[in-house]
Structure formats: structure tokens, C-alpha cells
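**Q** Below: one structure in C-alpha cells.
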């Protein structure tokens with residue numbers, strides 16, 4: 136009899152304990168889910184807030200990032216597929232703005248490349264003319280008439296004739312040249328001899344089939 | 351009908367002159383380049399006078415330089431010459447002046463031009479020519495064969511400058527250029 140009642144009690148206790156355990160387990164499962172849901176919501180809200188902040192900074196030109204990084208950031212925000220209409224609007228505006236800035240940057244880069252190529256070309260042309268500038272400078276610096284005349288006669292050998300035209304640019308503006316009265320190479324070489332000064336640089340030359348200079352254009356320094 | 355004719359004539363005239371006028375409109379940078387060019391020609395003249403007057407210049411070189419100096423002037427231009435001994439200023443053709451300068455009876459001649467400045471800026475005239483006046487001070491010193499200074503004076507002179515737009519055929523193409531020509535050189539005052 137006693138044994139039977141003990142076994143009943145134990146079973147009863149076991150059932151009660153099981154029920155309590157089950158109830159406890161159920162409630163912790165519920166709060167974990169709730170916590171996870173709340174966490175996700177908080178994360179989403181934070182993401183939306185950050186997206187708005189970043190997009191607004193991009194639109195107001197207060198973003199610290201360079202252009203490429205701004206474009207990347209907008210792509211990332213877009214990939215979030217945020218349903219918020221304000222964010223969607225900001226994304227559209229930011230994309231338009233960055234597209235326009237990208238076009239401007241590309242144009243500037245192309246212009247800079249062109250400028251560099253032009254400068255490089257000019258430098259190589261100037262290097263080509265450097266020996267001529269040196270010849271003229273030496274004529275101007277010589278003290279004696281005899282020595283100067285010797286240098287002039289030697290210099291004239293690289294020109295087709297002593298009468299080839301020399302054009303002197305006195306001003307350049309928007310691709311337009313203003314010239315002094317045209318002279319001849321012989322007169323010009325004697326001029327720099329008389330003035331004892333060569334304040335020009337060779338701007339361009341024309342040559343004949345024999346490699347002799349047929350036209351010389353100088354620009355005042 | 352008469353009015354229509356006059357109107358057409360006016361329009362035709364405008365069509366011819368308008369491009370020329372437009373071309374003549376000078377930006378400040380271009381005007382400055384022309385001002386500098388004219389000033390440079392006066393400085394060139396100063397250098398040529400020094401070369402021509404110097405007894406160290408070989409005769410052939412002096413004659414060559416006289417040719418170059420004469421090319422700086424308008425035909426018929428005159429150079430004023432003064433002296434402390436004579437109150438009257440004498441005017442010679444520029445060529446005659448240079449030839450006299452070359453033959454001055456000193457063993458050594460020093461001529462220096464300084465304070466070369468515009469007294470009247472280049473102004474555009476109705477015919478498109480720019481006209482201005484540049485003033486110079488000239489220091490003249492003449493020495494004998496013993497190296498003694500026997501004559502010295504300082505003269506103030508005004509030079510009229512003309513700048514005109516011209517064209518020339520160069521290498522098969524038409525080149526526009528600014529032709530600077532000097533006019534009369536007039537003596538304003540002479541002192542010791």
C-alpha cells in the first residue's frame with residue numbers, strides 16, 4: 136500500500152516538475168525570438184538612419200569620402216532595398232548628382248591628359264629648337280665684330296638663303312599671333328649682333344627638301 | 351528712291367568697314383604689346399645712334415647700321431640737332447643726321463639715351479593708325495685725342511611714333527603685322 140502511494144507521489148512530482156520545466160522552456164524560447172526580432176528592428180532602423188545620414192552628406196557635399204567611395208556607398212545602400220520612401224528619394228538624387236560629377240571628373244581628366252600631351256609635345260619641339268636658340272644667343276654675346284660676323288656666316292649655312300623670312304611674334308592670344316614687321320634672317324642675325332641681346336625663342340621653323348630652313352618664327356620672351 | 355540709294359550705300363560702306371573695325375578692336379594685352387613694340391623701336395634707335403657715333407665702330411658696320419636705323423623712320427622724317435653754342439635747332443633728314451654723326455670731329459663720342467617714356471600714349475586715329483609721342487633725354491659727350499671732355503650737353507627730344515596694321519605675303523600666305531615707324535625727332539630743350 137505504502138509502496139503504491141510512494142510511486143504515485145513520485146510520478147505526480149515528476150509530472151509537476153516536467154510541466155514546470157516545459158513552461159520555463161517555452162517562455163525562454165518566446166523571449167529569445169522577441170529579442171531577436173527587436174534586435175533586427177533596431178538594426179534596420181540604424182541602417183535606415185545611417186543611409187539617410189550618408190546620402191544627405193553626399194547631396195550636401197559634406198561627405199568626407201572621395202567620389203569613387205561615394206558611388207560605392209550609394210550602391211551598398213541601394214542593395215539594402217530599404218523600403219523607406221525618403222531613403223529611396225535620396226538614393227535617386229544622390230545617383231543623379233554623382234553621375235553628373237563623374238562626367239565632369241572624366242572630362243577634366245581628359246583635358247588634363249590633353250594638356251600634358253601638348254606640354255610634352257611642346258617640350259620636345261623646344262628641345263629640337265634649343266640648338267638654334269643657342270646659336271643665336273652666342274652671336275648676341277660675342278664682343279668683337281669679326282667674331283660675330285664669323286658666327287653669323289656659319290649660322291647662315293643652315294638656312295636656305297640669307298633672305299628667308301623671319302616672323303617675330305610680339306603677342307599671342309586665343310590662338311592669334313600679333314607680329315612685328317617681317318625681316319630676313321641675315322638682318323635679324325645682324326640685329327641681335329648690334330643689340331648684343333637675344334630675347335626670343337624659336338617657335339617654329341619650315342624646312343625645304345634639303346633640310347635647310349626656309350622660314351623662321353620667333354616669339355619674344 | 352534717292353533715300354533708298356543712300357541707305358544701300360551706307361549699308362555697303364558699313365559692311366566693308368565693320369570687319370576692319372572689328373579686327374582693329376584691341377584687347378588690353380594686345381594694346382600693351384604694341385605699346386612695348388613701339389618703345390622697343392625707340393630703344394633700338396638709341397642703340398644704333400650709339401653704334402654710329404662711336405669711333406670704335408668700323409666704317410662698313412656704321413654704314414650698315416645707318417641703313418637699319420633709317421628703316422625705323424617714315425620717309426621724310428627729320429632729326430633735330432641742337433648745341434649749347436647755338437640757340438637755333440637745326441633739322442636734318444635722318445640719313446643726313448646719321449652721316450654727320452658718323453663724321454663728328456671728336457676722337458671719342460658717347461651718346462646715351464635715358465628716361466625713355468611715353469608722354470602721349472598711342473591713340474587710334476580715324477584711319478586706323480595709332481599715334482603717340484615718346485620723350486627721351488640724350489646725354490652727349492665729345493672727347494679729344496688726349497681723352498679730355500671737350501663738349502657735353504643734355505637734350506630733351508620728343509619722337510612721334512606711328513603704328514599701323516599692314517599685311518605681307520610670306521610663304522604663300524597673308525600675314526598681318528604691326529608696322530612701327532618713327533616720325534620727326536624734335537628738340538624740346540638743351541642744357542649742360
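Chains as they are written, first to last, in my numbering: chain A, 136 to 356; chain B, 351 to 542. Just so it is clear, CB atoms sit at the ideal spot from N, CA and C, and this is done for glycine as well.
Using the beta-carbon count (16 or more within 10 Å), is residue 464 (chain B) buried or exposed?
**A** exposed
**Q** Let me make sure I understand the geometry here. Which of A:180, A:229, A:184 and A:144 has the alpha-carbon closest to that of residue 203 (chain A)?
**A** A:229
**Q** Does the Cβ-Cβ distance between residue 319 (chain A) and residue 292 (chain A) come in under 9 Å?
**A** no
**Q** List in chain order: all unbroken beta strand (DSSP E) runs of 3+ residues lying wholly within the region 422–491 of chain B.
**A** Along the length of the region 422–491 of chain B, whole beta strand (DSSP E) runs at least 3 residues long occupy 428–431, 440–443 and 458–474, reported in chain order.
**Q** With DSSP as the reference, please indicate the residues paired to residue 503 (chain B) in a beta bridge.
**A** B:490
**Q** Given that a residue counts as buried once 16 or more other Cβ atoms are within 10 Å of its Cβ, and exposed if not, what is residue 205 (chain A)?
**A** buried
**Q** Keeping to the same chain, check which residues put their C-beta closer than 6 Å to that of residue 506 (chain B); ignore five residues upstream and five downstream.
**A** Closer than 6 Å at Cβ, skipping near neighbours: 487, 538 and 539.
**Q** Mind checking the region 295–317 of chain A against chain B and listing, in chain order, the residues whose C-beta falls within less than 7 Å of any C-beta there?
**A** Of all residues in the region 295–317 of chain A, 300, 302, 305, 306, 308, 313, 314, 315, 316 and 317 have a Cβ within less than 7 Å of some Cβ in chain B.
**Q** Three or more C-beta pairs closer than 8 Å, one from the region 435–451 of chain B and one from the region 510–518 of chain B: is that the case here?
**A** no
**Q** What residue range does the beta strand (DSSP E) around residue 331 (chain A) cover?
**A** Taken as a continuous stretch (DSSP letters only), residue 331 (chain A) belongs to no beta strand (DSSP E), as it is neither H nor E.
**Q** Tell me, which residues are paired with residue 200 (chain A) by DSSP?
**A** For residue 200 (chain A), which the question treats as bridged, DSSP gives no partner whatsoever.
**Q** Contact criterion: CB-CB distance below 9 Å. Does residue 425 (chain B) meet it with respect to chain A?
**A** no
**Q** Less than 8 Å between the CB atoms is what I'm expecting for residue 483 (chain B) and residue 388 (chain B), so what's the real figure, rounded?
**A** Between residue 388 (chain B) and residue 483 (chain B) the Cβ distance is about 10 Å, and since that is not below 8 Å, they are no contact.
**Q** Verify whether the separation of the beta carbon atoms of residue 275 (chain A) and residue 356 (chain A) is less than 9 Å.
**A** In this structure, residue 275 (chain A) keeps its C-beta atom at 9 Å or more from the C-beta atom of residue 356 (chain A).
**Q** When the Cα of residue 234 (chain A) is compared with those of A:219, A:146, A:209 and A:307, which residue comes out closest?
**A** A:209
**Q** Report all residues from its chain with a CB closer than 6 Å to the CB of residue 365 (chain B); omit the five preceding and five following residues, and keep chain order.
**A** In this prediction, residue 365 (chain B) scores a pLDDT of 47, lower than 50, which makes its location untrustworthy; the coordinate-derived value is nonetheless stated afterwards. Result list for residue 365 (chain B): empty, nothing under 6 Å.
**Q** Is the CB of residue 343 (chain A) under 9 Å away from at least one CB in chain B?
**A** False, the Cβ-Cβ gap to chain B never drops below 9 Å.
**Q** Would you call residue 500 (chain B) buried or exposed, if buried means 16 or more other Cβ atoms sit within 10 Å of its Cβ?
**A** exposed
**Q** Just the chain C side, please: which residues come within less than 8 Å of residue 408 (chain B) by C-beta, in chain order?
**A** Given the protein chain composition of this structure (A and B), no chain C is represented.
**Q** Going along chain A, which residues have a C-beta under 7 Å from residue 387 (chain B)?
**A** The answer, in chain order, is 305 and 315.
**Q** Determine the direct distance from the alpha carbon of residue 221 (chain A) to that of residue 187 (chain A), and round the result to whole angstroms.
**A** 8 Å
**Q** Please list, in chain order, the chain A residues whose beta carbon lies closer than 9 Å to that of residue 538 (chain B).
**A** Contact of residue 538 (chain B) with chain A by beta-carbon distance below 9 Å is absent, the smallest such distance being about 27 Å.
**Q** Assuming the contact rule is C-beta atoms closer than 8 Å, residue 532 (chain B) and residue 395 (chain B) should be a hit. Round their C-beta distance to whole Å, please.
**A** 7 Å
**Q** Leaving out five residues on either side along the sequence, give the residues of the same chain with a beta carbon under 6 Å from the beta carbon of residue 152 (chain A).
**A** none
**Q** What runs of the beta strand (DSSP E), each 3 residues or longer, lie entirely inside the region 271–328 of chain A?
**A** 300–308 and 311–314
**Q** Is there a Cβ from chain B that is less than 9 Å from the Cβ of residue 319 (chain A)?
**A** With 9 Å as the cut-off, residue 319 (chain A) does not count as an interface residue toward chain B.
**Q** Would you call the region 401–418 of chain B and the region 521–530 of chain B touching, i.e. three or more CB-CB distances under 8 Å?
**A** no
**Q** So, with DSSP's three-state summary, where would you put residue 218 (chain A)?
**A** coil
**Q** Looking at the structure shown, is residue 407 (chain B) part of a helix, part of a strand, or coil, going by DSSP?
**A** coil
**Q** Is it buried or exposed, residue 315 (chain A), if we count other Cβ atoms within 10 angstroms and call 16 or more buried?
**A** buried
**Q** Cβ of residue 494 (chain B) within 9 Å of Cβ of residue 430 (chain B)?
**A** No.
**Q** Would you verify that the beta carbon of residue 326 (chain A) is, or is not, closer than 9 Å to some beta carbon of chain B?
**A** yes
**Q** Please list, in chain order, all residues of the same chain as residue 432 (chain B) whose beta carbon is under 6 Å from its beta carbon, the five residues on each side excluded.
**A** 439, 505, 537 and 540
**Q** Classify residue 524 (chain B) as helix, strand or coil using the three-state DSSP reduction.
**A** strand
**Q** So is residue 150 (chain A) buried or exposed if we call it buried at 16+ other beta carbons inside 10 Å?
**A** exposed
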